[in-house]
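Presented below is the structure to which this report refers.
Numbering (the numbering used here), first residue to last: 1 to 209.
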């Protein structure tokens, strides 16, 4: 790059010097204790070739911050760095959102596959537990506490039971499946097998008679 092709920041530097009463570049060189070569680099915008301690000395002599020097004498590079920083932040946020979505998707897939494995148990267990509770002499009643962790896991996943076994309630064809006979919406029916939903999604309708 030729001498004339470098940007010239001499006027900007003179303005800073005037604010602190420094009449010449030579005087600035002495006050800041830096070489005139370093001042020429500053005037050409070659800040990247200057040592940090030199920039600190100049900033102190001119009574400005190093950041102000960089913005004034390296504006294009600073702007580029700011743009790159903004781009990196946006990319980081995008990746963070993508990872969060992937985590949610994987969790939903895991829950769905687990619920498919547990499907038979989900339908049969509440009825078996209800029968055991009705007769405490049955050995199966001792197993009820052992299943509590599974029930707690389902609750954590947001799986909700649609009514309890033995419960009598108004018939709702959206939530209930008749095992036999007929019924009109609003007719009283008894729950034989519990139904389930997760959020707004229906997994199984409760089986009723």
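Backbone N, C-alpha and C fix where the C-beta goes; we use that ideal spot for every residue, glycine too.
As the structure is a computational prediction, the values presented were derived from the model and not from experiment.
Residue i - DSSP class collapsed to helix/strand/coil
{"i": "residue 177", "result": "strand"}
{"i": "residue 188", "result": "strand"}
{"i": "residue 161", "result": "strand"}
{"i": "residue 196", "result": "strand"}
{"i": "residue 3", "result": "Confidence is the limiting factor: at residue 3 the pLDDT is only 48, short of 50, which leaves the residue's position unreliable and the question unanswerable from this model."}
{"i": "residue 74", "result": "coil"}
{"i": "residue 211", "result": "What the structure shows of the chain is the stretch from 1 to 209, and residue 211 is not part of that stretch, so it cannot be assessed."}
{"i": "residue 131", "result": "helix"}
{"i": "residue 208", "result": "strand"}
{"i": "residue 118", "result": "coil"}
{"i": "residue 23", "result": "coil"}
{"i": "residue 53", "result": "helix"}
{"i": "residue 156", "result": "helix"}
{"i": "residue 168", "result": "strand"}
Close beta carbons around residue i, own chain, < 7 Å, minus the five adjacent residues each side
{"i": "residue 7", "result": "44, 45"}
{"i": "residue 186", "result": "170, 171"}
{"i": "residue 183", "result": "171, 189"}
{"i": "residue 130", "result": "165, 166"}
8 Å CB neighbourhood of residue i in its chain, flanking five on each side removed
{"i": "residue 60", "result": "32"}
{"i": "residue 126", "result": "161, 164, 165, 193, 194"}
Close-in-space but distant-in-sequence residues of the same chain around residue i (CB under 6 Å, 5 per side omitted)
{"i": "residue 159", "result": "196, 198"}
{"i": "residue 191", "result": "163, 165, 167, 206, 208"}
Whether residue i touches residue j by CB criterion (8 Å)
{"i": "residue 193", "j": "residue 150", "result": "no"}
{"i": "residue 20", "j": "residue 62", "result": "yes"}
{"i": "residue 36", "j": "residue 26", "result": "yes"}
{"i": "residue 16", "j": "residue 64", "result": "yes"}
{"i": "residue 123", "j": "residue 176", "result": "no"}
{"i": "residue 157", "j": "residue 101", "result": "no"}
Neighbour-count burial assignment, residue i, 16 or more Cβ in a 10 Å radius
{"i": "residue 212", "result": "Missing from the structure shown is residue 212; the chain here goes from 1 to 209 and no further."}
{"i": "residue 73", "result": "buried"}
{"i": "residue 50", "result": "buried"}
{"i": "residue 99", "result": "exposed"}
{"i": "residue 153", "result": "exposed"}
{"i": "residue 28", "result": "buried"}
{"i": "residue 58", "result": "buried"}
{"i": "residue 13", "result": "buried"}
Residue i at chain D interface by Cβ criterion, 8 Å
{"i": "residue 123", "result": "In the displayed structure, chain D is absent; only one protein chain is listed."}
Residue i: CB within 7 Å of a non-hydrogen atom of the ligand SAH
{"i": "residue 186", "result": "In the structure on display, the ligand SAH does not appear, and there are no ligands present to speak of."}
Any 3 or more C-beta pairs closer than 8 Å across the segment 34-44 and the segment 53-67 = The way I'd put it, the segment 34-44 does touch the segment 53-67; three or more beta-carbon pairs between them come closer than 8 Å.
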